[in-house]
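**Q**
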Amino acid sequence: DIVDLRGTAVARSAPPDGFGRIDSTDLDTPGTVEPPLDPYQAEVTAARTGDGACAKAPDSPAAEGLPAGGTLVEFVPRRARLDRDRTFIELPPYEAVAQDPVLYAHASRVFHRESNPHNARAIAQRHAGRLVWLNPPPIPLTTAEMDAVYELPYARVPHPSYGQARIPAYEMIRFSITIQRGCFGGCTFCSITEHEGRIIQNRSAESVLREVRALRRQGDFRGTITDLGGPTANMYKLKCKSPEIEASCRKLSCVHPEVCPNLETDHSATIDVMQRVRAEEGVKHVFIASGVRYDLAVEDPRYVQELVTHHVGGYLKIAPEHLQDGPLSKMMKPGMGAYDRFKALFERYSRQAGKKQYLIPYFIAAHPGTTDEDMLELALWLKHNGFKADQVQAFLPSPMATATAMYHSGKNPLAKVTRDSEEVVIPKGATQRRLHKA
-18 DIVDLRGTAV ARSAPPDGFG RIDSTDLDTP GTVEPPLDPY QAEVTAARTG
32 DGACAKAPDS PAAEGLPAGG TLVEFVPRRA RLDRDRTFIE LPPYEAVAQD
82 PVLYAHASRV FHRESNPHNA RAIAQRHAGR LVWLNPPPIP LTTAEMDAVY
132 ELPYARVPHP SYGQARIPAY EMIRFSITIQ RGCFGGCTFC SITEHEGRII
182 QNRSAESVLR EVRALRRQGD FRGTITDLGG PTANMYKLKC KSPEIEASCR
232 KLSCVHPEVC PNLETDHSAT IDVMQRVRAE EGVKHVFIAS GVRYDLAVED
282 PRYVQELVTH HVGGYLKIAP EHLQDGPLSK MMKPGMGAYD RFKALFERYS
332 RQAGKKQYLI PYFIAAHPGT TDEDMLELAL WLKHNGFKAD QVQAFLPSPM
382 ATATAMYHSG KNPLAKVTRD SEEVVIPKGA TQRRLHKA
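With this note's numbering applied, the sequence shown covers -18 to 419.
1. Could you check if Arg191 belongs to the surroundings of the ligand ATP, using beta carbon to heavy atom distance under 7 Å?
2. What does the Cβ neighbour count give for Val373, buried or exposed, with the cut at 16 atoms within 10 Å?
3. Would you give the residue range spanned by the beta strand (DSSP E) that Glu428 belongs to?
4. On a Cα-Cα basis, can you pick out the residue from Glu262, Ala419, Met255, Ser96 that is closest to Phe268?
5. How many whole angstroms separate the CB atoms of Ile154 and Leu209, which I take to be in contact at a CB cut-off of 8 Å?
6. In angstroms with no decimal places, state the Cα-to-Cα distance between Val113 and Lys311.
7. At the level of alpha carbons, what is the spacing between Leu84 and Pro117?
8. Between the alpha carbons of Tyr320 and Thr290, how many angstroms are there, rounded?
9. Answer with buried or exposed for Arg29, where buried requires no fewer than 16 other C-beta atoms within 10 angstroms of its C-beta.
10. Does DSSP put Pro342 in a helix, in a strand, or in coil?
11. I'd like the list of long-range same chain contacts for Tyr343, defined as Cβ closer than 8 Å, with 5 residues on each side in sequence excluded.
12. Starting from the Cα of Cys168, find the closest Cα among Glu71, Val(-9), Lys232, Val258 and give me that residue.
13. Taking DSSP's pairing of strands, which residues face Ala103 in a bridge?
14. Is the beta carbon of Tyr75 less than 8 Å from the beta carbon of Arg107?
15. Would Pro224 be called buried (16 or more neighbouring beta carbons within 10 Å of its own) or exposed?
16. Give a yes or no on whether the C-beta atoms belonging to Pro11 and Val406 are separated by under 8 Å.
17. Going by the DSSP bridge assignment, what does Gln286 pair with across the sheet?
18. Hey, Asp9 and His87 are a contact pair by Cβ (cut 8 Å); roughly how many whole angstroms apart?
19. By DSSP's criteria, Ile3 is part of a beta bridge. Which residues make up the other side?
20. Here's the rule I'm using: 16 or more other beta-carbon atoms within 10 Å means buried, otherwise exposed. How should Arg283 be labelled?
21. Between which residues of its own chain and Tyr151 is the CB-CB distance below 7 Å, once the five residues before and five after are set aside?
22. Alpha helix (DSSP H) containing Asp128: first to last residue?
23. So, is Pro183 buried or exposed, given that buried needs 16 or more other C-beta atoms within 10 angstroms?
24. With a threshold of 8 Å between beta carbons, is Thr399 in contact with chain D?
25. Flag this pair as yes or no: are the beta carbons of His99 and Glu227 separated by less than 8 Å?
26. Which term fits Lys218, buried or exposed, when burial requires 16 or more other beta carbons within 10 angstroms of its beta carbon?
27. At which residue ranges does the stretch 187 to 275 contain complete alpha helix (DSSP H) runs of 4 or more residues, listed in the order of the chain?
28. From this set, Arg274, Leu377, Glu71, Ala125, which residue's C-alpha is nearest Pro212's C-alpha?
29. Leaving aside the five residues before and after Pro315 along the sequence, list all residues of the same chain whose C-beta is less than 6 Å from its C-beta, in chain order.
30. Tell me whether Asp371 is buried or exposed, calling it buried when 16 or more other Cβ atoms sit within 10 Å of its Cβ.
31. In the DSSP assignment, find the unbroken alpha helix (DSSP H) run with Thr385 in it and report its ends.
32. Straight-line CA distance for Ala346 to Leu309?
33. Under three-state DSSP, which class holds Ile154?
34. For the beta strand (DSSP E) that contains Tyr320, what are its first and last residues?
35. What does Lys298 pair with, by DSSP beta-bridge criteria?
36. Quick check: the Cα distance between Lys265 and Tyr339, rounded to an integer number of angstroms?
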């Protein structure tokens, strides 16, 4: 059986031979895991078994040779450093985590900290007499592997079982092109990192152009590419400046609380792909519909100019998500300073291009960490800036997202989780959630 494939989970009866075990509560101590023993019961038991301190024979080997009033000191050798590739972290049992919100937040924190494929350890959890074993995340695909995957002979049409039904999601992606996978943003309400990884996996420009030509050969292509991106629009070929630092890093985000100084932010490769696709015969328009990380974009104004001049169809949607530090810190999103800088560049380059274009900001209501006062401040900001809410996105907990752990536990897994650690404000209940959307 294949049981050690990266990115997979298997049920086992016991850990594999040769693996060292680390208790997750030794890494991040949440407090008591098992119910405390009754001290009176413990004393009675000790007396009955002869294990209590008062039952030790005065001539026991441990006490021999001690002067009167002396104290016995035992030296325990330091535990040998375990090989990460042969180490697993055991979470508290499922039954305990399911009943204890603090242990739930603890388990979420440990899980997310083991997400770098270059240093992640296997994770295990006991459940119903079995051991659920989660292998480390897969190693990112190389550019050659990405090209091979994306150039397989896909039908590029919905499954025949749909018949002639119109599928809105298909219409949206029908003429879009993916140039990269993965995201290093780390937004807590999102689980893209858990699905695709934090290290960006890129296609070559030549592979992208071959797909453009394949689209052009389709009889229903009219010259408009609806998106050129991926989970984000502008992380193509952005990476850590040092492979050694990347391999050892355990941060959940490369851009929060600020852009990491070790992150390459030169958008030249992205600009090159945009220009080459735009220059292809038969291509009339190339739009960018994937989300733009504006905190990254302002690091390279050339990208903003290229985007605004050639790839915006009048409106560009970006996602500040909020403007107050409280909820933003729980979302792991940048402050409004980055939004203001991007807005200034957007407006400047729109004027230079002779275009009347608008930014449409997205915000989340009722996210963990958001108070009623925070939403009031957001409403006042929207009014002051002349915005009227068209659609309101209220936070919904989704699998694997850190914000979901906050929602359930009321704790903050972005920091050390203990029974006395920070309590997170959680907007719950129909009344409060409606208030936040109002």
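From the three backbone atoms N, C-alpha and C, an ideal C-beta is built for every residue, glycine too.
**A** On the basis of the supplied data:
1. Absence of the ligand ATP is noted for the structure shown, with no ligands found whatsoever.
2. Here the question's residue 373 lines up with position 392 in the sequence shown. Under this definition Val373 is an exposed residue.
3. Since the first residue shown for the chain is -18 and the last is 419, residue 428 is missing from the structure and cannot be characterised.
4. Indexing the sequence shown from 1 puts residue 268 at position 287. When each option's Cα is compared against that of Phe268, the closest is Met255.
5. Counted from its first residue, the sequence shown places residue 154 at position 173. Counted from its first residue, the sequence shown places residue 209 at position 228. In fact, because the Cβ distance is near 12 Å, the residues do not count as touching under 8 Å.
6. Taking the sequence shown and counting its residues from 1, the one referred to as residue 113 is at position 132. Taking the sequence shown and counting its residues from 1, the one referred to as residue 311 is at position 330. Approximately 29 Å between the Cα atoms of the pair.
7. On the sequence shown, residue 84 is found 103 positions in, with the first residue counted as 1. On the sequence shown, residue 117 is found 136 positions in, with the first residue counted as 1. In a straight line, the C-alpha of Leu84 is about 21 Å away from that of Pro117.
8. Numbered from its first residue, the sequence shown carries residue 320 at position 339. Numbered from its first residue, the sequence shown carries residue 290 at position 309. Using only the alpha carbons, I get a separation of about 19 Å.
9. Numbered from 1 along the sequence shown, position 48 holds the residue referred to as residue 29. Low local confidence applies: a pLDDT of 47 at Arg29 is under 50, so the model's placement there is unreliable, and no value is given.
10. As a working mapping, residue 342 is identified with position 361 in the sequence shown. Residue state, collapsed to three classes: strand.
11. Along the sequence shown, read from residue 1 onward, the residue named residue 343 stands at position 362. Here the set comprises Lys298, Ile299, Ala300, Pro301, Glu302, Gln374.
12. Your numbering for residue 168 matches position 187 in the sequence shown. Among Glu71, Val(-9), Lys232, Val258, the Cα nearest to that of Cys168 is on Lys232.
13. Residue numbering aside, residue 103 sits at position 122 when the sequence shown is read from its first letter. Phe69, per the DSSP bridge assignment.
14. Here residue 75 is taken as the residue at index 94 of the sequence shown, counted from 1. Here residue 107 is taken as the residue at index 126 of the sequence shown, counted from 1. Yes, Cβ-Cβ distance for Tyr75 and Arg107 is below 8 Å.
15. Here the question's residue 224 lines up with position 243 in the sequence shown. Pro224 is exposed by the Cβ-count criterion.
16. Position 30 of the sequence shown, counted from the first residue, corresponds to residue 11. Position 425 of the sequence shown, counted from the first residue, corresponds to residue 406. Result no, Cβ atoms of Pro11 and Val406 do not sit closer than 8 Å.
17. Against the sequence shown, residue 286 aligns to sequence position 305. Gln286 is not bridged to any residue.
18. Locating residue 9 in the sequence shown gives position 28, counting from the first residue. Locating residue 87 in the sequence shown gives position 106, counting from the first residue. With 8 Å as the limit, Asp9 and His87 qualify as a contact, their Cβ atoms being about 6 Å apart.
19. One-based indexing of the sequence shown puts residue 3 at position 22. Ile3 is bridged to Ile70.
20. Here residue 283 refers to the residue found at position 302 of the sequence shown. It counts as exposed.
21. Walking along the sequence shown from the start, residue 151 turns up at place 170. Pro139.
22. Indexing the sequence shown from 1 puts residue 128 at position 147. Taken as a continuous stretch (DSSP letters only), the alpha helix (DSSP H) holding Asp128 covers 124 to 131.
23. Here residue 183 refers to the residue found at position 202 of the sequence shown. Here residue 183 is Asn; the residue named in the question, Pro, does not match the sequence. Label assigned to Asn183: buried.
24. This model lacks chain D altogether; it includes just one protein chain.
25. Here residue 99 corresponds to residue number 118 of the sequence shown, with the count starting at 1. Here residue 227 corresponds to residue number 246 of the sequence shown, with the count starting at 1. Cβ distance < 8 Å, so His99 and Glu227 count as in contact.
26. In the sequence shown, residue 218 corresponds to position 237, counting from 1. Buried, because 16 or more other Cβ atoms sit within 10 Å of the Cβ of Lys218.
27. 224 to 229, 249 to 259
28. In the sequence shown, the residue the question calls residue 212 occupies position 231. The option with the nearest alpha carbon to Pro212 is Arg274.
29. Translated into positions along the sequence shown, residue 315 becomes position 334. Correct list, in chain order: Asp276.
30. Taking the sequence shown and counting its residues from 1, the one referred to as residue 371 is at position 390. The residue is exposed, with fewer than 16 neighbouring Cβ atoms inside 10 Å.
31. For the purposes of this step, residue 385 is taken as the residue at position 404 of the sequence shown. It spans 383 to 390 - the alpha helix (DSSP H) in which Thr385 sits, taken as one unbroken run.
32. Along the sequence shown, one-based indexing puts residue 346 at 365. Along the sequence shown, one-based indexing puts residue 309 at 328. Distance between the alpha carbons of Ala346 and Leu309: 12 Å.
33. On the sequence shown, position 173 is the one that residue 154 refers to. It is helical.
34. Along the sequence shown, read from residue 1 onward, the residue named residue 320 stands at position 339. Per DSSP, Tyr320 belongs to no beta strand (DSSP E); it is in the alpha helix (DSSP H), 317 to 333.
35. Residue numbering aside, residue 298 sits at position 317 when the sequence shown is read from its first letter. Looking at the DSSP assignment, Lys298 forms a beta bridge with Ile341.
36. Here residue 265 refers to the residue found at position 284 of the sequence shown. Here residue 339 refers to the residue found at position 358 of the sequence shown. Cα to Cα, Lys265 sits roughly 22 Å from Tyr339.
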